[in-house]
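Peer 1: Next up is a structure, given as structure tokens.
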Amino acid sequence: MTNGDQQFGKYNILEELGAGGFATVYKAMDTTLDREVALKILHPPLLTDQRFVQNFRLEAKTLAALQHPQIITVYEVGEADGRLFIAMDLAHGVSLAQSIAKRGRIA
Numbered sequence: 122m123t124n125g126d127q128q129f130g131k132y133n134i135l136e137e138l139g140a141g142g143f144a145t146v147y148k149a150m151d152t153t154l155d156r157e158v159a160l161k162i163l164h165p166p167l168l169t170d171q172r173f174v175q176n177f178r179l180e181a182k183t184l185a186a187l188q189h190p191q192i193i194t195v196y197e198v199g200e201a202d203g204r205l206f207i208a209m210d211l212a213h214g215v216s217l218a219q220s221i222a223k224r225g226r227i228a
């Protein structure tokens, strides 16, 4: 998926924020609610592996069950264009990796 004005379901992809072993996270605009979100999309090859699909859904359920000012809010879990996604609050500021690199270990 490329950046800039690409539609994914009701989300307009604005830019890629990061990628890992099983998903990519994008900054996106929810066109229904007119708000920016972090959109985590499971990599296509993993859709055929039920273990990854179950873990992805479990991650969303677990995160959605937590309520704390320092934990992001999950807005939606679903499927669009044949791919699974989690839409969540977009955190602003430095990433955990950037914070650790700057300050060292977090106590």
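If you count the sequence shown from 1, position 39 lands on 160 in the working numbering, and the numbers rise without skipping.
Beta carbons are placed, not taken as given, at the ideal position from N, Cα and C, and that holds for glycine.
Small disclaimer: the values here were computed from a predicted structure and weren't measured.
1. Bridge partners for A129 per DSSP, in chain order?
2. Are there 16 or more other CB atoms within 10 angstroms of the CB of G139, so buried, or fewer, so exposed?
3. Going by C-alpha to C-alpha distance, which of V215, L163, R224 and Q175 sits closest to Y147?
4. Compare the C-alpha of P166 against each of H213, S216, A208 and R204 and name the closest.
5. For T145, report the span of its beta strand (DSSP E) as first-last.
6. If G130 sits next to A201, beta carbons under 8 Å apart, how far is it from one beta carbon to the other, in whole angstroms?
7. May I have the straight-line CA-CA distance separating D234 from V198, to the nearest angstrom?
8. By how many angstroms is the C-alpha of A149 removed from the C-alpha of G142?
9. Using three-state DSSP, classify V232 as helix, strand or coil.
Peer 2: Reading off the structure:
1. A small correction: the amino acid at residue 129 is Phe; Ala does not occupy that position in the sequence shown. F129 pairs with Y132.
2. exposed
3. L163
4. R204
5. A144 to D151
6. 3 Å
7. Residue 234 lies beyond the range of the chain shown here (122 to 228); nothing can be said about it.
8. 20 Å
9. Summary: the structure shown does not reach residue 232, with the chain confined to residues 122 through 228, and so no result is reported for it.
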